[in-house]
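*Asks:* Be aware that the sequence shown starts at 3, since it is given in my numbering, and climbs by one per residue.
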Amino acid sequence: MEKVYYITTPIYYVNASPHIGHAYTTIVADVLARYYRSLGYRTFFLTGTDEHGDKIAEAAAKAGITPQEFTDRISAQFRDLWPELSVTNDYFIRTTDKNHVRTVQAILQKVYDQGDIYFGHYEGYYCVGCERFYTEKELVDGKCPDHQTPPLHRKESNYFFKMSAYQDWLIQYIQDHPDFIRPERYRNEVLAFLREPLEDLCISRPKSRLTWGIDLPFDENYVTYVWFDALINYITGLDYPDGENFRTFWPVSQHLIAKDILKPHGIYWPTMLKAAGIEPYRNLNVHGYWNVDQSKMSKSLGNVVKPLDLKDKYGLDTFRYFLLRDMVFGLDSSFSEEAFVQRANSDLANDLGNLVSRSVTMAVKYGGEKVPAPTDILPEEDGILQETAARTVAEVETCFSELALHKALIAIWELISITNKYIVEREPWNLAKDPGRKARLETIIYNLLETLRIVGVLVTPFMPGSAEKILRQIGIVDPARQTLDTIRTWGGLAPGLALTRGESLFPRITYSKEEQPVDTNKPPLTPIKPEISYEDFEKVDLRAAKILEAEPVPKSNKLMKLKIDIGEERTIVAGIGKDYKAEDLVGKTIVVVVNLKPTKLMGVESRGMLLATDSEEGLTLVSFDRSALTGGKVR
Ligand code: MSP
């Protein structure tokens, strides 16, 4: 059977600009589309905009322009946003497209002709925000549970779709297809709705009240209701009824939505399809809601988070990673910039960024500038990477089939963490000192680079730009050909490929709650101190100091006691215990300020202060690139 995959997002209302909620659904769809494409599936990914209805007409009137001008403008904001977020939708549908309008009318006519649409009177509570009627029971304290606004009371003659006629069929269908609506909590929610008798669905609006909609083909005084119009996009986007895309993709259709529009997708849509003689979609996949700092995102609260702001500030892949990692699919999640920065620094700058930079730096330094051949494999030492990688690939595949993208990322990060540990435990820098262990060193380097290839391929759907950079650094010229199938077996990285060190993939971000967060493409620039005279500078006595002994200060987790030689011996105490081991310090020549007033640190007197700066791995000591004279003045 041909491997095909069809994924849709909701078509977004054009009454407001895109925010992270829209970005989340669309990026999840993109990750899925990229993943299935890389497995060789013929894939169709549809998104677009929903442009008819009361609230669009209202928003256009407020902006003082026609609905068409208004929808053109906002729809373009959505359409143009997606490529900026590396979203690879195959088509962008608008409900104002002519072929969509034609098909909606054809379906209405068919359902009308077979007697499933009738004319009747209705009185009820209407929420413009949701574009639907609510029963009294559904209202909470008389208000719409979603918008917390009182609904309008409306009394109209309208056309109705006999949804009630399909209630029993739908219950049976959901029971026979346990994963039709997933995760399970949303399936249960739909089944709970269906325990009450379904009312018929009012599918028209009189033109006397609303003209911004699709004309009913059988009554020119009415336009169709937005949901009847909007849901059909999922098939008009495939050129229903005669399109080859419809035949190919509809049988495997996957809809992706948030919980806010569960009822239209879980109840209206399958019954509409049934009435129109079209088979139901394959799965409805429902995710939770992004709140912001624990509150609902809303224009009035002024807490709407714009995707491009985050992308510009922190980089696209960091943004994509955060959204996908921080939301458990199906549950709500709360966005905060602080959590965002923390996640970026720990998972990206520290874990993944460090792994790539350390591995490639060591490979270049110790292995020549090429991928070395693994000639000295010790299964009990190296098996851990190979086994973890194989397990991770299998786990990621399961997670994708369950849409648990956050879990897939957790599994990949487990592999990253085990690889970082592999480096620390194998200490390649020590092997490098012994020419007799070259083959072993090269094997370790190979294992690291092969793991990077596997990690690179695994993160590709999530962070396509960064993944490509990782793969290029390890010599892969055509990263697009590194598909999931190429990492099922270990050893696909060819020895001899030319390595290139790249810039830091994920620079650390400094963030303080008070200040605006600062994106650091370079290391953060601490403010420069006021000018001083040369004479003032001359007061600081800097010397080349040789470290004779080093030992941690008892009970301190970062202080180190150093005996130094500056022509005379003395003791200094420095806060470098987290960054250096005592044995690595002895013998180094460093720079020390020798005329600072002595001070006591954890009971040990320090007569001087060494100089150091920040590096990606922590502190790094200021030292010399030729052997300096011990005690020499630093000027
Ligand atoms: N036009 C209808 C959908 C018609 S589909 C046939 C609509 N539009 S919407 O602009 O309101 O989009 C709702 C969808 O946007 C949600 O289902 C979800 O995909 C996304 N999100 C909007 N706000 C969101 C959050 N705060 N959190 C997560 N996703 C959210 O409803």
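Think of the CB as a built atom: it goes at the ideal place given N, C-alpha and C, for glycine as much as any other residue.
#1: Confirm, please, whether the CB-CB distance from residue 203 to residue 163 is below 8 Å.
#2: Looking at the unbroken beta strand (DSSP E) that takes in residue 546, where does it start and where does it end?
#3: In the structure shown, what three-state DSSP assignment does residue 171 receive?
#4: Quick one, which of 560, 591, 597, 571 has its alpha-carbon nearest residue 579's?
#5: Looking at C-alpha atoms only, which residue of 450, 624, 632, 22 is the closest neighbour of residue 318?
#6: Starting from residue 255, follow the beta strand (DSSP E) in both directions and report where the run begins and ends.
#7: Is it the case that the Cβ atoms of residue 177 and residue 196 are separated by a distance below 8 Å?
#8: To which residues does DSSP link residue 299 through a beta bridge?
#9: Expressed to the nearest angstrom, what Euclidean distance is found between the alpha-carbon atoms of residue 446 and residue 81?
#10: Since I believe residue 258 is in contact with residue 27 (beta carbons under 8 Å), could you give me their beta-carbon distance rounded to a whole number of angstroms?
#11: Below 7 Å, is the gap between the Cβ of residue 278 and the nearest heavy atom of ligand 2?
#12: Rounding to the nearest angstrom, what Cα-Cα distance links residue 504 and residue 422 in this structure?
#13: On a Cα-Cα basis, can you pick out the residue from 574, 567, 587 that is closest to residue 635?
#14: Look at the alpha carbon of residue 159 and the alpha carbon of residue 145, and state the distance between them as a whole number of angstroms.
#15: For residue 628, I'd like the list of residues in its chain whose CB is within less than 6 Å of its CB, leaving aside the five on either flank, ordered along the chain.
#16: With a threshold of 8 Å, are at least 3 pairs of Cβ atoms found where one atom belongs to the segment 25 to 43 and the other to the segment 319 to 331?
#17: Does the count of Cβ pairs from the segment 204 to 216 and the segment 239 to 259 closer than 8 Å reach three?
#18: Please list the segments of the alpha helix (DSSP H) lying wholly inside the segment 325 to 374, counting only runs of 4 or more residues, in order along the chain.
#19: For residue 625, which of helix, strand or coil comes out of DSSP?
#20: State the Cα-Cα distance for the pair residue 2 and residue 536, rounded to the nearest angstrom.
#21: How many angstroms separate the CA atom of residue 372 from the CA atom of residue 378?
#22: Three Cβ pairs or more, each shorter than 8 Å: is that satisfied between the segment 228 to 243 and the segment 100 to 108?
#23: Grab me the residues of residue 485's own chain with a C-beta within less than 8 Å of its C-beta, minus the 5 sequence neighbours each way, in chain order.
#24: In whole angstroms, give me the CA-to-CA distance for residue 399 and residue 462.
#25: Give the DSSP-derived three-state secondary structure of residue 205 in the structure shown.
#26: Using the DSSP secondary-structure output, state which residues sit across from residue 136 in a beta bridge.
#27: Is any heavy atom in ligand 1 found nearer than 7 Å to the beta carbon of residue 165?
#28: For the putative contact between residue 209 and residue 224, defined by C-beta atoms under 8 Å, what is the C-beta separation to the nearest angstrom?
#29: Could you tell me whether the segment 496 to 510 touches the segment 346 to 366, using the rule of 3 or more Cβ pairs below 8 Å?
#30: Within its chain, find whatever has a CB closer than 7 Å to the CB of residue 69; leave out the 5 residues flanking it on each side and keep chain order.
#31: Rounded to whole angstroms, what's the CA-CA distance from residue 524 to residue 7? Just pull it up for me.
#32: Output needed for residue 522: all residues of its chain with C-beta closer than 7 Å, excluding positions within five of it in sequence on either side, in chain order.
#33: At the level of alpha carbons, what is the spacing between residue 564 and residue 626?
#34: Report back the beta-carbon spacing between residue 113 and residue 341 to the nearest angstrom; my notes put them in contact at under 8 Å.
#35: Can you tell me the Cα-Cα spacing of residue 111 and residue 206, whole angstroms?
#36: Classify residue 279 as buried or exposed, calling it buried when 16 or more other Cβ atoms lie within 10 Å of its own Cβ.
*Replies:* If we stick to the structure as given:
#1: In this structure, residue 203 lies closer than 8 Å to residue 163 by Cβ.
#2: It spans 544 to 554 - the beta strand (DSSP E) in which residue 546 sits, taken as one unbroken run.
#3: Reduced to three states, the DSSP call for residue 171 is helix.
#4: With distances taken between CA atoms, residue 579 lies nearest to 560 out of 560, 591, 597, 571.
#5: Nearest of 450, 624, 632, 22 to residue 318, Cα basis: 22.
#6: Counting along the chain, the beta strand (DSSP E) containing residue 255 begins and ends at 255 to 260.
#7: Against a cut-off of 8 Å, the Cβ pair of residue 196 and residue 177 comes out as no contact.
#8: In the DSSP secondary-structure assignment, residue 299 is not bridged to any residue.
#9: The straight-line gap from Cα to Cα measures roughly 47 Å.
#10: Confirmed, Cβ separation roughly 6 Å.
#11: With respect to small molecules bound, the structure shown includes ligand 1 and not ligand 2.
#12: Cα-Cα distance, rounded: 19 Å.
#13: Among 574, 567, 587, the Cα nearest to that of residue 635 belongs to 567.
#14: Cα atoms of residue 159 and residue 145: separation of roughly 24 Å, rounded to the nearest angstrom.
#15: Sequence-distant partners of residue 628 (beyond 5 residues in either direction) whose C-beta falls short of 6 Å from its own C-beta are missing from its chain.
#16: Taking 8 Å as the limit for Cβ pairs, the verdict is that the segment 319 to 331 does touch the segment 25 to 43.
#17: Verdict: no, contact absent.
#18: Entirely contained in the segment 325 to 374, the alpha helix (DSSP H) runs reaching 4 residues are, in chain order, 339 to 345, 356 to 368.
#19: In this structure, residue 625 counts as strand in the three-state DSSP scheme.
#20: Because the chain is modelled from 3 through 637, residue 2 falls outside the range shown and cannot be assessed.
#21: Residue 378 has its alpha-carbon roughly 17 Å from the corresponding atom of residue 372.
#22: The answer is yes - the segment 100 to 108 touches the segment 228 to 243, with three or more Cβ pairs under 8 Å.
#23: Excluding positions up to five away in sequence, the list reads 40, 41, 42, 459.
#24: Straight-line Cα distance between these residues: approximately 14 Å.
#25: Here DSSP, grouped into helix, strand and coil, assigns residue 205 to coil.
#26: In DSSP, residue 136 forms a bridge with 127.
#27: Answer for residue 165: no, Cβ out of range of ligand 1.
#28: Between residue 209 and residue 224, the beta carbon gap of about 6 Å places them in contact (Cβ cut-off 8 Å).
#29: A contact exists between the segment 496 to 510 and the segment 346 to 366.
#30: Here the set comprises 58, 59, 62, 214.
#31: Any answer about residue 524 is weak, because its pLDDT of 43 lies below 50 and its placement is not dependable; what the coordinates show is given next. About 42 Å.
#32: Interpretation of residue 522 is limited by its pLDDT of 45, a score under 50 that renders its predicted location unreliable; the figure taken from the coordinates is listed afterwards. Here the set comprises 509, 510, 511, 512.
#33: A straight-line Cα-Cα distance of about 18 Å links residue 564 and residue 626.
#34: At roughly 47 Å, the Cβ-Cβ gap does not stay under 8 Å, so residue 113 and residue 341 are not in contact.
#35: Going from the Cα of residue 111 to the Cα of residue 206 covers about 13 Å.
#36: Burial is judged here by how many other beta carbons sit within 10 angstroms of a residue's own beta carbon; residue 279 has fewer than 16 and is exposed.
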